[in-house]
Amino acid sequence: MDNLRDASDAALVVAIGRWREDALAEVYRRHGGAAYALARRLLNDGDLAQEILQEVFLRLWNTPERFDSERGSLRSYLLAQTHGRSVDLLRSETSRRRREEREARESTDFGDDIEREVIDLTVSEKVKEVVAGLPTDERQAIELAYFGGHTYRQVAVMLEAPEGTVKSRIRSGLRRLRKDMAEAGLGATWAEN
Amino acid sequence: MGRELSHPEVTDLLGAYALDALEPAELLAVDRHVKGCQACLAEVAEHREVAGMLTPGWAKPPPELWGKIAAALEEVPPPLDLAPVIAMKPAGATRTVGHPRRSFGVGIAAMVAVAAVAMIGFLGIRVADDRRRLNQFEQQAYPDQLTQSVNAALADPGARRIDMISTDGYRSAQAVVLPDGTGYMVKSNLPPLSEQRTYQLWAVVGTSKISVGVLGSKIDAVPFKMDGPVSALAITEEVAGGVVASRTDPVVLGKV
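Pasting the structure below:
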């Protein structure tokens with residue numbers, strides 16, 4: 000595999016398993032920006048986002064076998080890792096003060112924030128359209144959980160809705176998004192270069 | 000949430016699980032179910048693909064970040080009093096991502112790890128039998144309390160997560176250790192052993208290795224306690240019941 004730029008993500012992970020640093024560099028080139036954007040969005044802190052990214056890519060280097068190409072794309076795997084570690088950090092004592100400061104700066108008008116996040120954070124017009132087509136209650140629950148780093152119970156309090164309702168909204172919203180994205184021609188696979 | 004969740008109960012939570020939106024107490028129970036349920040695994044993967052498409056596009060990382068990552072690939076474990084490098088038996092791995100072939104820097108790390116293995120295999124030992132029995136008693140008598148303790152440890156910002164890996168990188172285990180030295184095994188991909196065998200956890204302190212827990216034939220959320228300047232944790236495979244002095248190579252090893 001001399002030309003890594005033409006290699007599939009799965010092939011790159013195989014190369015990483017053979018300790019090829021250039022393969023990891025290519026994965027970083029393809030997906031590092033998305034992971035960094037997600038971490039920075041969640042943590043609102045570029046330095047912490049860098050720490051998360053370092054951890055995620057070192058983990059891929061050390062344990063590439065954790066990625067199973069049959070269970071999803073490398074991009075979604077890396078983003079899930081990034082999200083999980085970012086949320087861990089977000090909920091830790093260390094970042095609590097930063098988070099409180101950030102929230103204090105944000106608008107108290109909740110609905111406006113949700114709309115702004117949807118507009119700012121989706122990657123394409125098609126995705127925006129699909130997300131905008133979600134019922135508002137499902138969209139808010141997903142946004143608060145995914146981008147706010149809140150647990151569904153916290154989301155229930157914020158939305159003044161029963162916990163059971165919120166967890167159902169998150170699941171039904173994700174399923175609806177998947178179906179709508181497929182109908183809109185938005186596959187779950189991403190361009191790899 | 001110490002009790003097992005039914006499949007319908009878990010499926011209700013899969014959306015929140017995929018978005019890392021569960022409370023710690025629920026996370027362990029759902030995690031346990033999902034790992035053994037193909038249908039749930041598939042649904043979680045689908046949810047995560049969708050979530051991945053919602054991510055905020057692309058932000059160019061700082062130029063120096065890749066340099067930091069690349070430099071970290073070359074790091075070696077902290078200095079230990081090393082014995083000469085000896086051959087180590089393979090971990091019996093089955094992964095499909097290819098055969099290890101390390102670069103120079105990583106090769107150094109491997110040599111140091113193997114040397115640490117050699118040291119562990121032949122240095123003096125001290126066994127904490129009372130502690131082991133207490134751990135086993137706690138695990139059997141208070142499973143719900145144990146789950147709560149593990150969850151609390153995972154949520155504790157002062158806790159350290161210690162990753163142990165085999166020298167070939169195929170096998171791994173993770174422990175979480177609180178500032179007072181109380182620790183719990185939280186995950187591993189070590190294969191189950193026969194009833195005649197057990198995994199045993201060791202703490203490396205100076206030039207000694209100290210048994211801090213007999214983990215059983217299948218590693219679960221096992222509590223342990225470690226004291227002193229522990230430089231590494233290691234897991235060996237032993238005869239059931241554990242041993243006072245291990246003469247086997249660690250299956251996984253991780254710096255503290």
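Listed in order, the protein sequences are those of chains A and B. Per numbering that gives the first Met the number 0, residue 0 is the first one in the first sequence, and the count goes up by one each step. Per numbering that gives the first Met the number 0, residue 0 is the first one in the second sequence, and the count goes up by one each step. Every residue gets a Cβ at the ideal spot worked out from N, C-alpha and C, and that includes glycine. All values reported here derive from a predicted model rather than from experimental measurement.
Neighbourhood of residue i by C-beta, 6 Å cutoff - its chain only, sequence neighbours within 5 removed
i	result
A:Val86	Gly148
CB of residue i within 8 Å of CB of residue j, strictly
i	j	result
A:Ala38	A:Leu52	yes
B:Leu27	B:Val149	yes
A:Ala22	A:Ser68	no
A:Leu88	A:Leu47	yes
B:Val204	B:Pro222	no
B:Leu189	B:Leu232	no
B:Val176	B:Ala158	yes
B:Leu145	B:Ala220	yes
B:Tyr11	A:Lys127	Reading the sequence as shown, one finds Asp at residue 11 of chain B and not Tyr. It is not a contact, given that the beta carbons lie outside the stated cut-off.
B:Leu53	A:Val130	yes
B:Ser210	B:Ser187	no
Option nearest residue i by Cα separation, candidates the options
i	options	result
B:Glu63	A:Phe66, A:Thr81, A:Gly31	A:Gly31
B:Glu272	B:Val255, B:Glu45, B:Asp167, B:Leu153	Past the boundaries of the shown model lies residue 272 of chain B; chain B is included only from 0 to 255, so the question cannot be answered.
A:Thr135	A:Gly163, A:Gly71, A:Ser171	A:Ser171
B:Pro156	B:Gln173, B:Pro178, B:Thr146	B:Pro178
A:Trp60	B:Pro61, B:Val175, B:Ile164	B:Ile164
B:Trp57	A:Val130, A:Arg65, A:Ala33	A:Ala33
B:Val185	B:Asp167, B:Asp30, B:Gln173	B:Gln173
B:Ala70	A:Arg74, A:Glu54, A:Leu73	A:Glu54
B:Tyr183	B:Val29, B:Ser245, B:Lys224, B:Thr235	B:Lys224
B:Tyr16	A:Thr164, A:Gln153, A:Ile169, A:Gln139	A:Ile169
A:Gly163	A:Glu137, A:Phe146, A:Asp179, A:Leu41	A:Glu137
B:Gly212	B:Glu237, B:Ser230, B:Gln195	B:Glu237
A:Met180	B:Ala202, B:Glu48, B:Asp30, B:Thr166	B:Glu48
B:Ala202	B:Leu214, B:Trp65, B:Ser230	B:Ser230
B:Trp65	A:Ala160, A:Arg29, A:Leu173	A:Arg29
Rounded C-alpha distance that separates residue i from residue j
i	j	result
A:Glu25	A:Leu3	7 Å
B:Val43	B:Val243	43 Å
B:Glu25	B:Val9	9 Å
B:Gly241	B:Thr197	7 Å
B:Lys254	B:Ile161	7 Å
A:Asp112	A:Asn43	Residue confidence for A:Asp112 is low, a pLDDT of 39 falling below 50, so the modelled location carries little weight; the figure read from the coordinates is stated next. One C-alpha to the other measures close to 15 Å.
A:Ala183	A:Lys125	7 Å
A:Glu64	A:Arg90	28 Å
A:Arg177	B:Pro249	45 Å
B:Gly106	A:Arg19	Note that B:Gly106 has pLDDT 40, beneath the 50 cutoff, so the model's placement of it is unreliable and no number is given.
A:Ile197	A:Arg70	Since the first residue shown for chain A is 0 and the last is 192, residue 197 of chain A is missing from the structure and cannot be characterised.
B:Thr235	B:Pro61	41 Å
A:Leu185	A:Val156	33 Å
A:Tyr195	A:Thr62	The requested residue 195 of chain A is not part of the displayed model; chain A covers only 0 to 192.
A:Ala144	B:Ala20	6 Å
B:Ser193	A:Tyr35	44 Å
A:Leu133	A:Arg175	8 Å
B:Ser207	A:Tyr27	40 Å
B:Asp226	B:Gly180	6 Å
A:Arg74	B:Arg246	43 Å
A:Phe146	A:Leu41	6 Å
B:Thr166	A:Phe66	19 Å
A:Pro161	A:Leu173	19 Å
A:His82	B:Gln147	24 Å
B:Val29	B:Leu214	22 Å
B:Lys59	B:Gln195	54 Å
B:Lys67	A:Gln49	10 Å
Short CB-CB distance (under 8 Å) between residue i and chain D
i	result
B:Trp57	The displayed structure is made up of protein chains A and B, and chain D is not among them.
Close Cβ partners of residue i (< 7 Å) along its chain, the five nearest in sequence each way excluded
i	result
B:Gly14	His46
B:Leu18	Ala50
A:Arg84	Ile51, Glu54, Val55
A:Gln80	Val55, Arg58
Residues near residue i by beta carbon distance below 8 Å, same chain, minus five either side
i	result
A:Gly45	Arg39
B:Pro191	Ser216, Lys217
A:Ala6	Met0, Ala14, Ala22, Glu25
B:His32	Glu3, Leu4, His6, Val9, Cys39
A:Leu158	Asp136, Gln139, Ala140, Leu143, Val165
B:Lys34	Leu40
beta-carbon residue i near the ligand ZN non-hydrogen atom, thresh 7 Å
i	result
B:Val229	Looking at this structure, you won't find the ligand ZN or any other ligand, since it has none at all.
Report task. Pair every Cβ in the segment 11-28 of chain A with every Cβ in the segment 34-52 of chain B, then say whether three or more of these pairs are closer than 8 Å. Result -> With the cut-off at 8 Å, the segment 11-28 of chain A and the segment 34-52 of chain B do not touch.
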